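Q: Here you go, one structure.
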Amino acid sequence: MSVVYYTASSLDGFVVDGDDSLGWLLSRDIDGAAPFGYDVFRPTVGAVVVGATTLRWVLREEGGSWPFTLPTWVFTHDDGMQVEGGDVRVVSGDVTQHHAAVVESAGDLDVWLMGGGDLARQYADARLLDEVAVQYAPCTLGSGAPVLPTRSEWELVDHGRNGDFLCARWRVVRGSGDS
Ligand SMILES: NC(=O)c1ccc[n+]([C@@H]2O[C@H](COP(=O)([O-])OP(=O)(O)OC[C@H]3O[C@@H](n4cnc5c(N)ncnc54)[C@H](OP(=O)(O)O)[C@@H]3O)[C@@H](O)[C@H]2O)c1
Numbered sequence: 057m058s059v060v061y062y063t064a065s066s067l068d069g070f071v072v073d074g075d076d077s078l079g080w081l082l083s084r085d086i087d088g089a090a091p092f093g094y095d096v097f098r099p100t101v102g103a104v105v106v107g108a109t110t111l112r113w114v115l116r117e118e119g120g121s122w123p124f125t126l127p128t129w130v131f132t133h134d135d136g137m138q139v140e141g142g143d144v145r146v147v148s149g150d151v152t153q154h155h156a157a158v159v160e161s162a163g164d165l166d167v168w169l170m171g172g173g174d175l176a177r178q179y180a181d182a183r184l185l186d187e188v189a190v191q192y193a194p195c196t197l198g199s200g201a202p203v204l205p206t207r208s209e210w211e212l213v214d215h216g217r218n219g220d221f222l223c224a225r226w227r228v229v230r231g232s233g234d235s
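Once you know that position 62 of the sequence shown is 118 in the working numbering, the rest is easy, because the numbers rise by one and skip nothing.
This is the structure in structure tokens:
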């Protein structure tokens, strides 16, 4: 089991632009069934971890209902959050506290850390983030929310092109003394 941060980014490392828009991303060509595509990635995951802002963005895009049937763990300070559809579990605080339950809910499959970048940072800083898979769109944004705003070390394990995107996957390099 791995925790995999699978996301898209601009060339300059932002997952969302300064206007909180994904127009720069969703207008591009990508083949979901080709290597690094969503249809290839999706069967490898058994649970989703997501920040409240990303979850709210998906709900807006999907007409108010959470589209994933996988166990979904949403981090929010709104402990009264109600989400229509799916199997959404509301949690908050230290990501480490929830890790055993998240992993168990994924069964033998990986955990998809959907984002955003600050939640990915919390996982990386807690040494719970195992892999990063990024599809880079052919544009720069100049500002926005960064893909992974922390210091960390990674080994490149795969790379390729899918449509307009340069795609890569990295495995974490843990320092001595880490588990
Ligand atoms: N490029 C891509 O592939 C991609 C994909 C999906 C989304 N996005 C974009 O990314 C943006 C969201 O990124 P983001 O980094 O701003 O937000 P985010 O990580 O999705 O959500 C941040 C929110 O999550 C909650 N949160 C995070 N850690 C928490 C913790 N430990 N305990 C309790 N609550 C916690 C807080 O919500 P509360 O305010 O509720 O407390 C916080 O304001 C969206 O605009 C979306 O459009 C990009």
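Glycine is no exception: its CB is placed at the ideal position from the N, C-alpha and C atoms.
All figures in this text were calculated on a predicted structure; none of them were measured in a lab.
Assign Pro127 to buried or exposed, taking buried as 16 or more other Cβ atoms, counted over all protein chains shown, within 10 Å of its Cβ.
A: Reading the sequence shown from its first residue, position 71 is the one you call residue 127. Pro127 is buried by the Cβ-count criterion.
Q: Pick out the complete beta strand (DSSP E) segments inside the stretch 183 to 233, 3 residues or longer, and give them in chain order.
A: 187 to 192, 210 to 218, 221 to 228
Q: Would you grab the beta carbon distance between Leu169 and Tyr61 for me? Rounded to a whole angstrom, and I think it's under 8 Å.
A: Numbered from its first residue, the sequence shown carries residue 169 at position 113. Numbered from its first residue, the sequence shown carries residue 61 at position 5. Sure, about 4 Å apart at Cβ, within 8 Å.
Q: Going by alpha carbons, who is nearest to Val101 out of Ala176, Met57, Leu67?
A: Here residue 101 corresponds to residue number 45 of the sequence shown, with the count starting at 1. With distances taken between Cα atoms, Val101 lies closest to Met57.
Q: Let me check understanding here. Comparing Cα to Cα, which of Ala90, Glu209, Ala89, Ser77 lies closest to Arg230?
A: Numbered from 1 along the sequence shown, position 174 holds the residue referred to as residue 230. Nearest to Arg230 by C-alpha distance, out of Ala90, Glu209, Ala89, Ser77, is Glu209.
Q: By DSSP's criteria, Phe131 is part of a beta bridge. Which residues make up the other side?
A: As a first step, residue 131 is located in the sequence shown; it is residue number 75 there, counting from the start. According to DSSP, which records beta bridges pairwise, Phe131 is partnered with Gly107, Val147.
Q: Please confirm if the stretch 69 to 89 is in contact with the stretch 215 to 225, defined as three or more CB-CB distances below 8 Å between the two stretches.
A: yes
Q: Any idea which residues DSSP pairs Gly171 with across the strands?
A: Taking the first residue of the sequence shown as position 1, residue 171 is located at position 115. Val106, per the DSSP bridge assignment.
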